[in-house]
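In the working numbering, the protein residues as written are 1 to 48.
Using N, Cα and C, we set each Cβ at its ideal position, and we do this for glycine too.
What follows is a set of notes on a single structure, which appears directly below.
Below, the structure is given as structure tokens:
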């Protein structure tokens with residue numbers, strides 16, 4: 001199974017205010033999931 005991918009340019013990642021808004025989520029199909037920001041900063045209660 002090929003996982004979907006995202007790409008972000010360095011311009012977007014170089015501005016903290018913009019980069020912190022970029023999030024990812026992956027599910028396992030059984031109700032479990034993992035998520036965070038692309039910077040690895042847990043900004044939501046359910047990120048950590």
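query                                                                                                                          : result
Boundaries of the beta strand (DSSP E) in which residue 36 is found, first to last residue                                     : 33-37
Residue nearest to residue 5 in terms of C-alpha spacing, selected from 24, 40 and 34                                          : 24
Close-in-space but distant-in-sequence residues of the same chain around residue 37 (CB under 7 angstroms, 5 per side omitted) : 20, 22, 23 and 43
One or two residues paired with residue 23 in a DSSP bridge                                                                    : 37
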